Amino acid sequence: MNALGNLTAKLNKSVAHGWIAAVAAVKLCLVAVATAVAILQLASAAANAAEDKPLISAARVAGDQDRTRIVLEVDQQLTPTISALGSPYRLILDLPEVTFGFLSSSNPAGKGLVSDWRFGLFAVGKSRVVVDLAAPARVDKTLFLPSVDDQPSRLVIDLVRASEQEFADFVTASRPSRTATKKAAPKADRLSAERAKDKPVIVLDPGHGGIDNGAIGVAGTLEKAIVLEFTKLLRDKLAEGDRYDIHLTREDDTFIPLGDRVQVGHDLAADLFISIHADSVRRGQKFARGATVYTLSNKASDRLAEELATTENMSDVIAGVELDEEPTEVTDILLDLARRETRSFSVYFAKTLVDELQSAVRLINNPHRSAGFRVLKAHDVPSVLVELGYLSNAHDEKLLISEEWRERMASAMAEAIHGFFRPRLAGRKAAPSQ
60 MNALGNLTAK LNKSVAHGWI AAVAAVKLCL VAVATAVAIL QLASAAANAA EDKPLISAAR
120 VAGDQDRTRI VLEVDQQLTP TISALGSPYR LILDLPEVTF GFLSSSNPAG KGLVSDWRFG
180 LFAVGKSRVV VDLAAPARVD KTLFLPSVDD QPSRLVIDLV RASEQEFADF VTASRPSRTA
240 TKKAAPKADR LSAERAKDKP VIVLDPGHGG IDNGAIGVAG TLEKAIVLEF TKLLRDKLAE
300 GDRYDIHLTR EDDTFIPLGD RVQVGHDLAA DLFISIHADS VRRGQKFARG ATVYTLSNKA
360 SDRLAEELAT TENMSDVIAG VELDEEPTEV TDILLDLARR ETRSFSVYFA KTLVDELQSA
420 VRLINNPHRS AGFRVLKAHD VPSVLVELGY LSNAHDEKLL ISEEWRERMA SAMAEAIHGF
480 FRPRLAGRKA APSQ
């Protein structure tokens, strides 16, 4: 009887333990289900937020050299702010942030007064359509046509040919007022004073963005997307060890004017500014491949450098931004000294970077080159532009989308940056060789 009683007790205890385990498992399942439901609700909320944005589902252009109609199919009424820019002739349509329901590659071909056009996110809450004009033109009328039967709602913009004077008047009348901003006066000791901070400030600048796609690869890879992904990877590597104060000029698919990128580095008193690109070259130079490091110079080091600088400097034109006049060269001796010191540091870092990269990835021949890149023109921030590779080259494009290659490239760049700042972090000022 005692043996039977002991067996019964053990069975009861086992059943109890099993029941407790089952209850715990059910609770875990309920928690998992609740978590999944919460995630789905968040995803649904995000989707609904995206759905709340106006949708432009299609676009078309029709007409001739005297009169041309642009039609955008929309799901709700939109009222664009229309302006114009010259040199070259452009029509700018600014809209609230919208969803473009078609790809850039499906743009209607130029026709009539429209030679080309592009679209994208211009700023937070603001989308932009830039229309390249084949000749001077003005807006004759703008209409919103509600949906009828199976016809969607449409935003219609009619253009008519204009004289040079009429177009100039249109540009002047549509130009938004601009508030002058006071610029900080240059100081000769700015570099040495700012370099004394405990933690070096690094600004990483993923090129292009938003309405400006940058280069498009042989297989369709967008430069603006690939450089943003890479820049975030580099940022994460630099963040290890908490040695630097790191900033990005953009963290999403937003357009940033070139002058604003330069200003970010200046406002943050950056110790290093790295602009990251993956460009393309014209058909006759598709043999060009490999990483390249550029510094600023008044005269380009070679024809390829000159071509790339010209392309990169057109970014604001592509996005429909009015170009500021280049500031006249200041002859102030203190400013000139600051500029010389900055360029010396820039060249020093470029050489450090090339030395590190050559053992990790393929470089172009003569990998340190120079040209007049606008984004490198800060007089007080050491700056370089890095071409990760050339999207016009099929081999480079495959590498640029390879996680293994990007990992090697980012690690090598991080090591070069560590080397550049090592004397500084050890309590000494990093100085270029004389």
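Taking our numbering, the leading residue of the sequence shown gets 60, the next gets one more, and so forth. From the three backbone atoms N, C-alpha and C, an ideal C-beta is built for every residue, glycine too. The structure presented is a predicted model; accordingly, all values stated were derived computationally and were not measured.
Check                                                                                                                                                                      : Outcome
Please report how far the alpha carbon of residue 361 lies from the alpha carbon of residue 412, in whole angstroms.                                                       : 20 angstroms
Where does residue 454 land, buried or exposed, given buried means 16+ other C-beta within 10 angstroms?                                                                   : exposed
Return the first residue and the last residue of the alpha helix (DSSP H) that residue 290 is part of.                                                                     : 282-298
Taking the alpha-carbon positions, what's the residue 399 to residue 352 distance?                                                                                         : 19 angstroms
From the DSSP output, in three-state form, read off residue 401 for me.                                                                                                    : helix
Can you tell me whether residue 495 is buried or exposed, with buried defined as 16 or more other CB within 10 angstroms of its CB?                                        : The structure shown does not extend to residue 495, since the chain is modelled only from 60 through 493, so no value can be given for it.
Cβ of residue 361 less than 7 angstroms from any chain C Cβ?                                                                                                               : Going by chain labels, chain C is absent from the structure shown, which holds only one protein chain.
Tell me, which residues are paired with residue 187 by DSSP?                                                                                                               : 153 and 179
Can you pull the DSSP bridge partners for residue 264?                                                                                                                     : 334
Quick one: using the 10 Å Cβ neighbour count with 16 as the cut-off for buried, is residue 329 buried or exposed?                                                          : buried
For residue 274, does the count of other Cβ atoms within 10 angstroms reach 16, so buried, or fall short, so exposed?                                                      : buried
If you reduce the DSSP assignment to three classes, tell me which class residue 353 lands in.                                                                              : strand
Leaving out five residues before and five after residue 337 in sequence, what residues of the same chain have Cβ atoms less than 6 angstroms from its Cβ?                  : 282, 285, 286, 447, 448, 450 and 459
Helix, strand or coil: how does DSSP classify residue 426 here?                                                                                                            : strand
For the 8 angstroms Cβ check, are there 3 or more pairs between the segment 290-308 and the segment 459-477?                                                               : yes
Among 179, 364, 312 and 316, which has the Cα closest to the Cα of residue 373?                                                                                            : 316
Output the boundary residues of the beta strand (DSSP E) element that contains residue 374.                                                                                : Element bounds for residue 374: not the beta strand (DSSP E) but the alpha helix (DSSP H), 374-377.
With respect to the beta strand (DSSP E) encompassing residue 126, which residues constitute its N-terminal and C-terminal limits?                                         : 126-133
Is it true that the CB of residue 437 sits closer than 7 angstroms to the CB of residue 365?                                                                               : no
Would the segment 263-279 count as touching the segment 220-231 if we require 3 or more Cβ pairs under 8 angstroms?                                                        : no
Let me check understanding here. Comparing Cα to Cα, which of 267, 272 and 308 lies closest to residue 261?                                                                : 308
Looking at the secondary structure, which residues open and close the beta strand (DSSP E) in which residue 200 lies?                                                      : 196-204
What does residue 140 pair with, by DSSP beta-bridge criteria?                                                                                                             : 153
Please classify residue 214 as buried or exposed, where buried requires at least 16 neighbouring CB atoms within 10 angstroms.                                             : buried
Counting along the chain, where does the beta strand (DSSP E) carrying residue 476 start and finish?                                                                       : Note, residue 476: premise wrong, no beta strand (DSSP E); alpha helix (DSSP H) at 462-484.
Counting only the same chain and skipping the five closest in sequence on each side, list residues whose C-beta sits under 8 angstroms from that of residue 426.           : 349, 350, 351, 352, 413, 416 and 417
In angstroms, rounded to a whole number, what distance separates the CA positions of residue 185 and residue 257?                                                          : 38 angstroms
For residue 379 versus residue 189, is the C-beta distance shorter than 7 angstroms?                                                                                       : yes
Please report how far the alpha carbon of residue 432 lies from the alpha carbon of residue 234, in whole angstroms.                                                       : 27 angstroms
In three-state DSSP terms, what is residue 436?                                                                                                                            : coil
When DSSP labels each residue in this structure, what does residue 304 get in the three-state scheme?                                                                      : strand
Less than 7 angstroms between the C-beta atoms of residue 441 and residue 480, yes or no?                                                                                  : no
Locate the alpha helix (DSSP H) running through residue 318, then write down its first and last residues.                                                                  : 317-326
Leaving out five residues on either side along the sequence, give the residues of the same chain with a beta carbon under 6 angstroms from the beta carbon of residue 129. : 120 and 216
Compute the Euclidean distance between the alpha carbons of residue 173 and residue 268, then round it to the nearest angstrom.                                            : 23 angstroms
Have a look at residue 428 and residue 332 and give me their C-alpha separation to the nearest angstrom.                                                                   : 17 angstroms
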